[in-house]
Amino acid sequence: MADLAAMTDPMLGKNSAGQAVLLGGFSPQSQRSHFPRGVVCPYTAAEDVVDHELPQTGVLWACTVINSAPPGYFGKVPFGFGVVQLDDGLRIVTRIAADLPGELQIGQAMQLVVEDLPLGTSEEDGTMQIWAFTPTLDQAAT
Numbered sequence: 001m002a003d004l005a006a007m008t009d010p011m012l013g014k015n016s017a018g019q020a021v022l023l024g025g026f027s028p029q030s031q032r033s034h035f036p037r038g039v040v041c042p043y044t045a046a047e048d049v050v051d052h053e054l055p056q057t058g059v060l061w062a063c064t065v066i067n068s069a070p071p072g073y074f075g076k077v078p079f080g081f082g083v084v085q086l087d088d089g090l091r092i093v094t095r096i097a098a099d100l101p102g103e104l105q106i107g108q109a110m111q112l113v114v115e116d117l118p119l120g121t122s123e124e125d126g127t128m129q130i131w132a133f134t135p136t137l138d139q140a141a142t
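Printed below as a string of C-alpha cells:
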C-alpha cells in the first residue's frame, strides 16, 4: 500500500479520516460533479466550480484486460482498465487493480486505492503513486 503522506498527484487528496480521495470539481449551477477538476463546468461552462471530494466507491461499468505493457510502463501485467461509475453517478476512466483482471464483472462493487507504480526495472528507478479502483474486499474474497 502506498504512503498517503507522500501523495503528490493533484487529483488525489485525503479526507478528514486520512483516507485517499479523488479531487474533482462541482458546479452549483449544474449541480453536477466532474473529474478531473476544471476551472469551468464541462456541462454548462459556468465559472462557479468548487473543489469536491468524489466518492471512494462505485461499480464497474465497463472494462478490458491489458495483457501487454504499453511503452514506459513497468507495472504488473495483465492489468484492468475501464470505467467505474461512482456512487454519485459520475463515471471515470481508471486503471483497475485486480489480481485476476480476467475475472472482473460489470456491476461489481469497486473502491479507490493508491498504489506505488515502478518507474523502471530496478529499485533505484523509484516509484510513483497512482490511483486506481479495485474490487471491494468483500467481493474480492468470493
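Numbering-wise (UniProt numbering), the sequence shown opens with residue 1 and increments by one. Every residue, glycine too, gets a C-beta built ideally from N, C-alpha and C.
Leu119 carries a coil assignment under DSSP once its states are collapsed to helix, strand and coil. For the options Arg95, Ala45, Trp131, the alpha carbon positioned closest to that of Pro28 is the one of Ala45.
In the three-state reduction of the DSSP assignment, Leu112 falls in the strand class, which pools E and B. Between Thr94 and Phe35, the C-beta gap is not smaller than 7 Å, which leaves the two residues out of contact. Annotated three-state conformation of Glu47 is coil, per DSSP. The DSSP assignment places no complete run of the alpha helix (DSSP H) inside the UniProt domain "ChsH2 C-terminal OB-fold" (52 to 114) (cut-off: 4 residues). Excluding residues up to 5 positions away in sequence, Ser33 lie with their Cβ nearer than 6 Å to the Cβ of Leu90 in the same chain. For Ser68, same chain residues with a beta-carbon under 6 Å away, outside a window of 5 residues either side, do not exist.
As computed with DSSP, Val21 is found in a beta bridge with Gly13. In terms of Cβ geometry, Leu54 and Leu86 form a close pair [threshold 7 Å].
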